[in-house]
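Enquirer: Below is a structure I'd like to ask you about.
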Amino acid sequence: MAVLTRLSVRDFRNIERGEIEVPEEGIALIGENGQGKTNLLEAIYYFHLLRSVRGGRDQDLVRFEAPAFHIAAGVVTDGRHDVSAAFARVGGRKKVVVDGGEVGRLSDGLGALPSVMLSPRDADIVSGGPSERRRFLDVVLALTSRRYLGALQTYRSALARRNAALREVGRTGRGEDGVAVWEPALAENGAVLLAERWAWVLRYAEDFATLCRVIGERAAVAMCYETKIERPADAYGALLSELERKRGSDIKRGITHVGPHRDDLGIALGGRDLRLFGSAGQRRTAAIALRMLEARTLRERNGSEPVLLLDDPFAELDVRRGEHILALLHEGGVGQTILAVPRPTDVPREFTRLQRWCIYEGVLSREGA
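The sequence shown runs 0 to 368 under numbering that gives the first Met the number 0.
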């Protein structure tokens, strides 16, 4: 089980200074909206992804008028570790330190504290555009597969270079070979992304449908991987062929139009696109099921329960669905939990054992202290 033992926060979002010793079972953090409870959860999650869970830039995480942010934590995973991360506005440098040594590559510090965060914003995974769902898949797979992470990094680099070459050819009318040279790398690494995404969806599609049903969705919910590559058994050859075939139109438009960066995770409700035809509650249900699968993937591949970050997770859900979600969480075995809610009365009875902290205008205090 992954455990956060202590947390130190300096100039992160609206938190000027905060220190918490965290019990093994976790804490309940209570604060009205806008006081900083989500910011604290974001600081904890930073040790998993090394970037904002809300998609913000590192410079946007630095407290207003502060020169830098610094967060540090004691964690227990395969042993006891000290980790820290900092970002300075001047120079834009990010520094990640594990057990006293700065990591050579940021990717070496990913997953220092395996975590999964559930919040009302998760509905964007379902209701947003394809990029939201691709990002979900990329986070789940990159944090559990070094092969996927390496392929993703190389693919993005090759994609940026091919797109730059496309624009150059479109501007000058010369240098098509400069476009073609990046296509083998795109095909090779794109094939890895496609294979792992397909495998994940195939592995968890039935579990996804079951989770949605148990949470309370009566209509059939399904997920599938949507791609234009028609030969999954030969993804490399299919990608290479498509890149060559569409090179001319890509030059005209200045962008690459085929590959896993254009794919989607399709989610259907009763055979229709949930994004278009589902209610807010149905989209939340599907998003929570995806987060539960994220936790299951981390548990199965890493061999330990991730830290569960719950940011007012039952807001906008009816009582019945909320109760079913709590039952699912406890049935699967809940590890350390950091629960953030607006009011003490919002703490579910299942989490009343948690030590309570309060946050007001970015200042942390122990309840009753």
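No residue lacks a Cβ here, since even glycine has one placed at the ideal position from N, Cα and C. No experiment lies behind these values; they were computed from the predicted model shown.
For ILE70, write down the residues that DSSP places opposite it in a beta bridge.
Expert: VAL8 and ALA84
Enquirer: Near ALA184, which residues of its chain fall below 6 Å by C-beta distance, leaving aside the five closest residues on each side in sequence?
Expert: ALA157
Enquirer: Can you tell me where the beta strand (DSSP E) holding GLN354 begins and where it ends?
Expert: 354–359
Enquirer: Can you tell me which of GLY280, GLY269, LEU292 and GLY172 puts its alpha carbon nearest to the alpha carbon of ARG202?
Expert: The shortest C-alpha separation from ARG202 is found at LEU292.
Enquirer: Does the structure place the stretch 298–314 close enough to the stretch 30–46 that three or more beta carbon pairs sit under 8 Å?
Expert: yes
Enquirer: Please list the terminal residues of the continuous alpha helix (DSSP H) segment that includes MET291.
Expert: Run containing MET291: 279–301, per the alpha helix (DSSP H) assignment.
Enquirer: For SER364, write down the residues that DSSP places opposite it in a beta bridge.
Expert: CYS357
Enquirer: Comparing C-alpha positions only, which one of GLN335, SER7, ARG212 and VAL180 sits nearest to ALA72?
Expert: SER7
Enquirer: Comparing alpha-carbon positions, which option in ASP345, GLY177 and GLU360 lies nearest ALA27?
Expert: ASP345
Enquirer: Just checking, does the stretch 142–155 make contact with the stretch 188–207 on the three C-beta pairs under 8 Å criterion?
Expert: Output reads yes: the stretch 188–207 touches the stretch 142–155.
Enquirer: Does the contact criterion of 3 or more C-beta pairs under 8 Å hold for the stretch 264–277 versus the stretch 220–227?
Expert: yes
Enquirer: Starting from the N-terminal side, write out each stretch of the alpha helix (DSSP H) that is 4 residues or longer and does not extend beyond the stretch 314–353.
Expert: Assignment of alpha helix (DSSP H) within the stretch 314–353, counting only whole runs of 4 or more residues, yields 318–331 in chain order.
Enquirer: Tell me whether ILE371 sits in a helix, a strand or coil according to DSSP, three-state version.
Expert: Residue 371 is absent from the structure shown; the chain starts at 0 and stops at 368.
Enquirer: Scan the stretch 128–203 and note each continuous alpha helix (DSSP H) run of 4 residues or more that stays entirely inside, going in chain order.
Expert: Correct list: 129–141, 145–171 and 176–179.
Enquirer: Does the distance from the CB of ARG355 to the CB of VAL125 come in under 8 Å?
Expert: no
Enquirer: Report the rounded CA-to-CA distance for GLY90 versus THR336, giving the unit in angstroms.
Expert: 36 Å
Enquirer: Evaluate the contact criterion for the stretch 323–330 versus the stretch 156–175: three or more CB pairs, one atom per stretch, below 8 Å.
Expert: no
Enquirer: Of the residues VAL2, LEU268 and SER118, which one's Cα is nearest the Cα of VAL340?
Expert: SER118
Enquirer: Locate the alpha helix (DSSP H) running through GLU243, then write down its first and last residues.
Expert: 234–244
Enquirer: My understanding is that ASP107 touches ARG62, with C-beta atoms under 8 Å, so please give their C-beta distance in whole angstroms.
Expert: Contact doesn't hold; Cβ gap of about 27 Å is too wide.
Enquirer: Between which two residues does the alpha helix (DSSP H) holding ASP59 run?
Expert: 57–60
Enquirer: Please list, in chain order, all residues of the same chain as ASN32 whose beta carbon is under 8 Å from its beta carbon, the five residues on each side excluded.
Expert: Once the five neighbours on either side are set aside, the close Cβ partners of ASN32 are PRO341.
Enquirer: Classify HIS256: buried if its beta carbon has 16 or more other beta carbons within 10 angstroms, exposed otherwise.
Expert: exposed
Enquirer: Take ALA314 as the anchor and find which of ARG295, VAL333, ARG300 and LEU338 has the nearest alpha-carbon.
Expert: Here the closest residue by C-alpha is LEU338.
Enquirer: With LEU275 as the anchor, note down where its alpha helix (DSSP H) starts and where it stops.
Expert: 273–276 is the span of the alpha helix (DSSP H), which, as asked, contains LEU275.
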